[in-house]
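Note that this note's numbering numbers the sequence shown so that position 375 is 448, with each residue one more than the last. Ideal Cβ positions, reconstructed from N, Cα and C, are used throughout, including at glycine.
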Amino acid sequence: MSFTDSRRLLVEAEKILRRAVELLGYSEDVYNALRFPERVIQVKIPVRMDDGRVKVFIGWRSQHNSALGPYKGGIRFHPAVTMEEVIALSMMMTWKNALAELPYGGGKGGVKVDPHALSKRELEELSRGYIRGIYKYIGPDADIPAPDVYTNPQIMAWMMDEYYRLTGENKLGVITGKPKLLGGFETRIIATGFGVAIAARETAKKMWGGIEGRTVAIQGYGNVGYYAAKFLHEMGATVVAVSDSRGGIYSSKGLNPDEVKQVKSKTGSVINYEKAEKRITNEELLELDVDILIPAAIEDVITEENAPRIKAKLIVEGANGPVTAAADEYLSQRGVVIVPDILANAGGVIMSHIEWVDNRIGGWISEEEARRRLEEKMVRSTLAVWEFWHSELEPGKHSMRDAAYSLAVKRVVEAMQLRGLL
Ligand SMILES: NC(=O)C1=CN([C@@H]2O[C@H](COP(=O)(O)OP(=O)(O)OC[C@H]3O[C@@H](n4cnc5c(N)ncnc54)[C@H](OP(=O)(O)O)[C@@H]3O)[C@@H](O)[C@H]2O)C=CC1
Ligand SMILES: O=C(O)CCC(=O)C(=O)O
74 MSFTDSRRLL VEAEKILRRA VELLGYSEDV YNALRFPERV IQVKIPVRMD
124 DGRVKVFIGW RSQHNSALGP YKGGIRFHPA VTMEEVIALS MMMTWKNALA
174 ELPYGGGKGG VKVDPHALSK RELEELSRGY IRGIYKYIGP DADIPAPDVY
224 TNPQIMAWMM DEYYRLTGEN KLGVITGKPK LLGGFETRII ATGFGVAIAA
274 RETAKKMWGG IEGRTVAIQG YGNVGYYAAK FLHEMGATVV AVSDSRGGIY
324 SSKGLNPDEV KQVKSKTGSV INYEKAEKRI TNEELLELDV DILIPAAIED
374 VITEENAPRI KAKLIVEGAN GPVTAAADEY LSQRGVVIVP DILANAGGVI
424 MSHIEWVDNR IGGWISEEEA RRRLEEKMVR STLAVWEFWH SELEPGKHSM
474 RDAAYSLAVK RVVEAMQLRG LL
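What follows is the structure, given as C-alpha cells:
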C-alpha cells in the first residue's frame, strides 16, 4: 500500500469514466472530451532552505473541466505526488462537484514534497512559490484551491496573501479552507469527516434501519478519519478500529475517538493508545469483521487482491480512490454496498462552496447555518444517489458508484452540450 504507483489512479479514474459513459450510452467522442484535462500547469518552486542552499520542488495544478463553473479542488503536499495523480484527482473533482450540484468544474493541485521535513519558514516559502507559479490561472471566478492531504488553513492563508501581493486583489474567495479570521469557517475543518459520517448514517438507515450499534473500522486518522470517527461515535456507532501511517489499534468494545486523538497529538500515532485491546496492521484493519469500513487515508487500498477477504457489508470512501474499479465490481456483485468517494467525501467541497459564497457576499453566514446547510446537502445527495440506483439501475448488476457517476457525468455532458462544446 503506497502512494507510489500514481499512474494507477489515473488508469482507475479513466476506467470508471468509461463505465459511466457506456452506461449512459454516450460515444467514444464524449469519452475523449471528458477524459483529458483542459489545462495542466507545472510549477518549479525554488526554496531557500534554512541551511542556505536552494532546493527545487515541482508542483502541478490540473484544471480538468469548467463546463459547470470555475475549477475547484484542493492542493496536496506529499512526497509521492505525480502529475498523473493530480490529473486523476482533478477529474474526480469534476464528478464530485457536479454530483453535489455545485456551480464548479473540477481542479486539483499537488506539490511533490514531504512537508513534515520542512521548517515553518520553508513551508511558507514553498506555499507562496506555488502560488507564484499558478496565480495567473486562479481566482474566485477561475479556479479556487483549498486544502487536501498535508495542507491546512495556515497554508491557505499564506497562499491567499501571496495572490494579493501578486495581483493587488485582496479577494477572500480565491481560496477556501482559510482560518476563520480570514473568511474561513471552523466547520470546514470537520466538514469532510462529518459528511462521511452522514453518508454512512443515511446508507445504514436504508440497509439496516439505523447506524446505532453498528461496528466501524477507519483507516487514516487525519482530518477525514478522525472527524468521521468522532461523529459516528456520537451517532451511536461503535468505532472498533482506527489506524494511521504507523499502524492501527482494535478494541471490540469500541474506542473513544477523542481520547485516541489526544494520544496521537501527544505521541504522533494512534498505536500508542494504551487502552486498546491490541495493535493491528493497516492490512488487518481493512479485513476486520465489521459492519462498516471507512478507508480515509490513501488511494488503491482495496484491490482485486484483498477484496475477497473484505468482510464489511458497507464501505464508505472517505479517501479519494481507495477502492479500485475491479474491486468495486467484485464487491458490489457480492452485495457489499460501496458509497463512492465523489459522494461520501463531498462534505469538504460543499463547505468550501458555502465559504466562497460567504466571502463574496461579505460575511453573512453563521457557523450554525453553514453546518445545517452542509448536513442537508449531504443527506439530499446520499438519498438522491440511493433512489437513482434503485429506480433507474439494477443493484447487484450496477454499483452505487455507477449510480453516482451516471448522475454526475450526465450533468457535465449536458452543460457541455448547452455551451456548444459537445
Ligand atoms: N481534507 C479534506 O477536506 C478532504 C480529503 N479527502 C481525501 O481524504 C483522504 C485523507 O485526507 P485528509 O484526512 O485530509 O489527510 P490528512 O493528511 O489529514 O490525514 C491523512 C491520514 O492518513 C494516514 N496515512 C498516510 N499514509 C498512510 C498509509 N500508507 N496507511 C495508512 N494511513 C496512512 C496519515 O497518517 P499519519 O497521521 O501517520 O501521517 C493520516 O492519519 C485523502 O484521500 C484526501 O484526498 C477528500 C475530500 C476532502
Ligand atoms: O474544498 C475543496 O475545494 C477541496 C476538496 C477536495 O480537494 C476534495 O474533495 O478532494
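**Q.** Under the three-state DSSP convention, the category Ala272 falls into
**A.** helix
Q) Could you give the distance in angstroms between the alpha-carbon of Arg484 and the alpha-carbon of Ala171? A) 6 Å
Q | When Val422, Asp216, Lys88, Val94 are compared against Val113, the one with the closest alpha-carbon | A | Asp216
**Q.** Runs of alpha helix (DSSP H) wholly within the region 219-287 (minimum 4 residues, chain order)
**A.** 226-240, 259-281
Q: Examine ligand 1 and report whether any of its heavy atoms sits within less than 8 Å of the Cβ of Gly206.
A: no
(Q) Could you check whether the region 176-195 touches the region 130-147, counting it as contact only if at least three pairs of C-beta atoms, one from each stretch, sit closer than 8 Å? (A) Touching, yes.
Q: Report the option in Asp364, Arg91, Met280 whose CA atom is closest to the CA atom of Asp475.
A: Arg91
Q.
Using 9 Å as the threshold, is the C-beta distance between Gly250 and Pro213 below it?
A. In terms of Cβ geometry, Gly250 and Pro213 do not form a close pair [threshold 9 Å].
Q | Buried/exposed call for Thr311, threshold 16 Cβ in 10 Å | A | buried
Q) Tell me which same chain residues have a C-beta within less than 7 Å of the C-beta of Ala477, skipping the five on either side of it? A) Excluding sequence neighbours, Ala477 sits near Leu172, Pro413, Ile415, Leu416, Val458.
Q: Grab the span of the beta strand (DSSP E) containing Gly132 for me, first residue to last.
A: 127-138
Q. Are at least three pairs of beta-carbons, each pair with one atom in the region 318-329 and one in the region 348-365, less than 8 Å apart?
A. In the pairwise beta carbon analysis, the region 318-329 is classified as touching the region 348-365: at least three pairs are separated by under 8 Å.
Q) Cβ of Pro252 versus every heavy atom of ligand 4: is any distance shorter than 8 Å? A) This structure lacks ligand 4; its bound ligands are ligand 1 and ligand 2.
(Q) For Gln490, count the other beta carbons within 10 Å of its own beta carbon; 16 or more makes it buried, fewer makes it exposed. Which is it? (A) With fewer than 16 other Cβ atoms within 10 Å, it is exposed.
**Q.** Continuous beta strand (DSSP E) assignments of at least 3 residues falling wholly in the region 77-131
**A.** 112-121
Q. Beta carbon of Phe130, beta carbon of Ile118: below 9 Å?
A. yes
Q) Per DSSP, Thr311 is paired with what? A) Thr288
Q) Hey, Val482 and Val184: beta-carbon distance below 9 Å or not? A) Contact annotation: Val482 and Val184 have beta-carbon atoms that are not nearer than 9 Å.
Q) In whole angstroms, what separates the C-alpha of Val336 from that of Pro368? A) Cα atoms of Val336 and Pro368: separation of roughly 21 Å, rounded to the nearest angstrom.
Q: Following the continuous alpha helix (DSSP H) through Pro330, name the residue where it begins and the one where it ends.
A: Residue range 330-340 is occupied by the alpha helix (DSSP H) that includes Pro330.
Q: Can you tell me the Cβ-Cβ gap for Tyr223 and Pro188, rounded? I've got them flagged as a contact below 8 Å.
A: 5 Å
Q. Looking at the structure shown, is Ile434 part of a helix, part of a strand, or coil, going by DSSP?
A. It is helical.
Q) With 16 as the cutoff for other CB atoms within 10 Å, does Ala398 come out buried or exposed? A) buried
Q | Whole-angstrom C-beta distance between Glu198 and Val116, which should lie under 8 Å | A | Actually they do not touch by this definition, with Cβ atoms about 13 Å apart.
Q | Ile204: first and last residue of the uninterrupted alpha helix (DSSP H) it sits in | A | That run of the alpha helix (DSSP H) goes 193-207.
Q.
For a test of the three-state rule: what should DSSP assign to Ser464, helix, strand or coil?
A. helix
Q: Please say whether Leu366 and Ala290 have beta carbons closer to each other than 9 Å?
A: Their beta carbons are under 9 Å apart, which means Ala290 touches Leu366 by this criterion.
Q: Check whether the Cβ atoms of Glu101 and His137 sit closer than 9 Å, and answer yes or no.
A: No; because the gap between Cβ atoms is not below 9 Å, this pair is not in contact.
**Q.** Contact the region 248-263 vs the region 273-289: 3+ CB pairs below 8 Å
**A.** no
Q: Report the three-state DSSP secondary structure of Pro368 (helix, strand or coil).
A: strand
(Q) Closer than 8 Å is the cut-off here; do at least three beta carbon pairs connect the region 233-248 with the region 158-167? (A) no
Q | Coil, strand or helix - Arg352 by DSSP | A | Strand.
**Q.** Spatial distance of Thr77 from Pro152 (CA atoms)
**A.** The pLDDT assigned to Thr77 is 47, lower than 50, so where the model puts this residue is not dependable; a value taken from the coordinates is nonetheless given after this. Their Cα atoms are separated by approximately 9 Å.
(Q) Could you check if Val422 belongs to the surroundings of ligand 2, using beta carbon to heavy atom distance under 8 Å? (A) yes
Q: May I ask whether a heavy atom of ligand 2 can be found less than 8 Å away from the beta carbon of Ser472?
A: no
Q: Can you have a look at Thr260 and say buried or exposed, based on whether 16 or more other CB atoms are within 10 angstroms of its CB?
A: buried
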